[in-house]
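This report refers to the structure that appears directly beneath it.
Numbering (the working numbering), first residue to last: 1 to 278.
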């Protein structure tokens, strides 16, 4: 069965489930805080608890691949189950893997996460454009063919990103704006929302770029990194309706209680609704 375009499916999920992406970030400190062991057993319990608590009610779940990969093949097997069970429960899965390479290697990364034949098939994938936006073409093509999407790093929430993302090309355009311009071109004519989005940190003092890419804007930094829902209209301006706020620690710290996880996620949804009217 061919999926509808990711942008359309995401718009529907945001409109019906609320504006929230919750990260699945099973790092050692968080496993310990939940009373779990830092091993594959702890990883599986953590991931299944998050899926049980949230996959039937939040719009997006975002597993961070690195926290599964550190356990080798057994960790990857947990990731496969996490993706499958989250999608079966109705959440859209954004694989946070930040892949970026050239040629056949980029094509292989795309096949891993954007091909329905792969056990890691996800609704969207985070990618890095810093080998040149054109290097992402295999992922763009496969995502488009399979109803999946991409979130391309543009203006990230880490301060180190400034030196690259705010650098200015010979034509006076910042690197970040160049990425956003390419995304706008990929999304041209898409309704109700394009499938090719940008990662733009909610912790920015100001975006300082044109965010009108007709695609989703994944906004990390809400919660533990210091940004709040009230910051979203200031940072994203007229594009705030396309923002997908991403929260990890400020929801996950309420585990292992399923009910507490659900309540924390619901609070964030209401906080965002209060400032965006959506």
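The C-beta atom is built at its ideal place from N, Cα and C for all residues, glycine as well.
8 angstroms Cβ shell around residue i - same chain, five flanking residues per side excluded
i, result
"residue 95", "62, 63, 65, 83, 113, 120, 122, 124, 125, 126"
"residue 4", "147"
"residue 133", "152, 178, 179, 182"
"residue 273", "18, 19"
Residues that residue i bridges to, as DSSP identifies them
i, result
"residue 192", "Looking at the DSSP assignment, residue 192 forms no beta bridge with any residue, so it has no partner."
"residue 63", "24"
"residue 95", "125"
"residue 245", "219"
"residue 152", "127, 198"
"residue 168", "174"
"residue 8", "For residue 8, which the question treats as bridged, DSSP gives no partner whatsoever."
"residue 227", "222"
C-beta contact flag for residue i and residue j at 8 angstroms
i, j, result
"residue 137", "residue 154", "no"
"residue 2", "residue 255", "no"
"residue 262", "residue 53", "yes"
"residue 92", "residue 268", "no"
"residue 311", "residue 135", "The structure shown does not extend to residue 311, since the chain is modelled only from 1 to 278, so the question has no answer here."
"residue 77", "residue 51", "no"
"residue 205", "residue 179", "no"
"residue 17", "residue 59", "yes"
"residue 150", "residue 196", "yes"
"residue 118", "residue 111", "yes"
"residue 200", "residue 207", "yes"
"residue 37", "residue 31", "yes"
"residue 188", "residue 175", "no"
"residue 139", "residue 106", "yes"
Close-in-space but distant-in-sequence residues of the same chain around residue i (CB under 7 angstroms, 5 per side omitted)
i, result
"residue 115", "121, 142, 146"
"residue 26", "43, 46, 47, 67"
"residue 225", "157, 203"
"residue 71", "40, 43"
"residue 275", "229, 230, 232, 233"
"residue 227", "202, 203, 221"
"residue 258", "49, 52, 53"
"residue 271", "229"
Endpoints, alpha helix (DSSP H) assigned at residue i
i, result
"residue 124", "No alpha helix (DSSP H) holds residue 124; the beta strand (DSSP E) holding it covers 124-127."
"residue 140", "137-146"
"residue 120", "Looking at the DSSP string, residue 120 is not in any alpha helix (DSSP H), and its letter there is neither H nor E."
"residue 212", "Here residue 212 belongs to no alpha helix (DSSP H), and DSSP marks it neither H nor E."
"residue 279", "With the chain covering 1 to 278 only, the question about residue 279 has no answer from this structure."
"residue 78", "72-88"
"residue 53", "40-54"
"residue 3", "Premise fails: residue 3 is in no alpha helix (DSSP H) and is neither H nor E."
"residue 57", "Residue 57 -> no alpha helix (DSSP H), and no H or E assigned at all."
"residue 233", "232-236"
Run of the beta strand (DSSP E) containing residue i, from where it starts to where it stops
i, result
"residue 19", "Residue 19 -> no beta strand (DSSP E), and no H or E assigned at all."
"residue 268", "Not the beta strand (DSSP E): residue 268 falls in the alpha helix (DSSP H), residues 258-276."
Cβ shell of residue i (< 6 angstroms), same chain only, five flanking positions each side left out
i, result
"residue 222", "202, 245, 247"
"residue 193", "7, 11"
"residue 264", "251, 254"
"residue 243", "217, 219, 232, 236"
"residue 337", "As displayed, the chain neither begins before 1 nor continues past 278, which places residue 337 out of reach and without an answer."
"residue 74", "40"
request  = Could you tell me whether the segment 247-261 touches the segment 203-217, where touching means 3 or more Cβ pairs closer than 8 angstroms?
outcome  = No, the segment 247-261 is not in contact with the segment 203-217.
inquiry  = Closer than 8 angstroms is the cut-off here; do at least three beta carbon pairs connect the segment 184-195 with the segment 32-42?
reply    = no
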